[in-house]
Structure formats: C-alpha cells, structure tokens
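Numbering (my numbering), first residue to last: 26 to 214.
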Amino acid sequence: MRLLKFTTLIAISLLTLVSCGNQSGGKLDSAKDFVAIEKEIKSEFGSDAYYTELTITYNQSIGSIVGTTVTEDPESMKMGQWSLVQDTWTKKSEVFLEVPEGSKAAEFMFQLDEKINLETLGGLVSTSIETLKAEKDLENPKLHMAFIKFPKNGDVPKTEYVVMLKPEHGGTTFTFSYTLDGTLINMDY
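Okay, structure coming up:
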C-alpha cells in the first residue's frame, strides 16, 4: 500500500512539473519571444554557428521546443542535431554532410544574423496571427510551428520563413510562407 501511495505521489509530482513547465508564459507569439530563443541558441552554439535546419514548435504543456542541425566548423562536414526542451539542450545525433566537389559546406548553410534571424520570424508569427483573426475570424490562433526553410542548393534569397498556426482548441493548420524581407508568398490551409 505504501508503494502505491509513493508511486502515486511521484506521478502527480511529475505531472505537475510537466504542466507547469511552460517556458513562454502560455504563448509564443511575438518577436520578443523569438529574440529570447535566438539568444539561447547563440549562447549554446556561439554567434558564428552555421545551421541547415532550425524549427521552433510550441506545445501548450511544455512550452517551446527548439530543434536544430548546427555546426561551429562547417568545413568539418560534421553537424549535430540538437533539441531544446524545458531549458535543457540534448544532442540527438551527428550528421555528416556531402557537398558537390569544389563547393564549400558553408555555402549550403545559414547563420543567424541580419539577413536571417528569429526576430523577423517572431514578427511574422504576430502578423500571421492578426491575419487569421481578421480574415478567418479565429479568436485565439496559437503557434504550432515556425521554421526557417533554407534551400538545399544554398540559394540564400530563396530562403523562406514558415509559420504554422492552429485554432486554440485544435483543428485546421494554417501555413504562412514569407520571403526573407517578410513578404507573404502564400497562405495555405
């Protein structure tokens, strides 16, 4: 009987920790929220790191989840796949790149800087939310996922910011794609 009570107490404690672990105070919908995430990423990997993938997902139970494929030395052809969940970075795997002969690996990666940054992505999340409220009469759309879609051929001007929103209580996913300067390419649902 004591074991059952102890197990129940542990389960309730873990459930409370998970449900209270929301890092972003119940939202992730502004440039300011995304600037904080970019600072966390740069704190972990440095300001000069190179990326091939960067995704931010929002889960109401645990807050923001960041997934990235990153290296500090692009010419090593080795990258790490990392995730940030509840303030803890975890390395998931290593990835080895192949690039066309005569090319540099950095040509197929991006850096977080003035051209490509999370502040712009966060601002586009806000814009997308306001668009959905106005055009689709959704009261409280929430971020599902936001990411930087970097072209496999390294053509930086064709990089896109993608924002995926859902109604507060689930349902249809609305996907917005934007150019680097924030121009809407399309909205799909």
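Positions of the beta carbon are idealized from the N, C-alpha and C atoms, including for glycine.
Pairwise C-alpha distance: residue j and residue i
i    : j    : result
S128 : K174 : 21 Å
E65  : A130 : 25 Å
A58  : A74  : Correcting the residue type first, residue 58 is Asp in the shown sequence and not Ala. Those two C-alpha atoms are separated by around 21 Å.
D54  : T152 : 9 Å
S108 : T94  : 9 Å
V181 : S202 : 15 Å
K217 : V124 : Any property of residue 217 remains undetermined from this structure, which presents the chain solely from 26 to 214.
E155 : A61  : 22 Å
G71  : L79  : 15 Å
S89  : E126 : 38 Å
T77  : E97  : 12 Å
G207 : E139 : 13 Å
K52  : T184 : 26 Å
G92  : G195 : 22 Å
L205 : Y186 : 7 Å
DSSP state of residue i mapped onto helix, strand, coil
i    : result
F135 : strand
E144 : helix
T80  : strand
L168 : strand
T204 : coil
P185 : Here residue 185 turns out to be Glu, not Pro, going by the sequence shown. Correct three-state label for E185: strand.
V124 : coil
D213 : strand
I173 : strand
E160 : helix
L149 : helix
E119 : strand
Other residues of its chain near residue i: CB distance less than 6 Å, five sequence neighbours each side excluded
i    : result
A171 : I81, L146, V150, V188
L122 : M102, A130
G148 : A56
T200 : M189, D213
F135 : Y76, I141, F175
E100 : A130
Own chain residues within Cβ distance below 8 Å of residue i, not counting five before or after
i    : result
K67  : A74, L137
K177 : F133
T198 : H169, M189, L190, K191, Y214
Assumed close pair residue i, residue j - CB separation to whole angstroms, cut-off 8 Å
i    : j    : result
L143 : E63  : 4 Å
I87  : Q106 : Actually they do not touch by this definition, with Cβ atoms about 19 Å apart.
9 Å Cβ cutoff, residue i in contact with chain E
i   : result
D58 : The question asks about chain E, but that chain is absent: this structure has only one protein chain.
Assess contact between the region 192-212 and the region 106-117, defined as three or more Cβ pairs (one per stretch) separated by less than 8 Å. Is contact present? no
Are there three or more Cβ pairs, one per stretch, closer than 8 Å when the region 154-166 is compared with the region 190-208? yes
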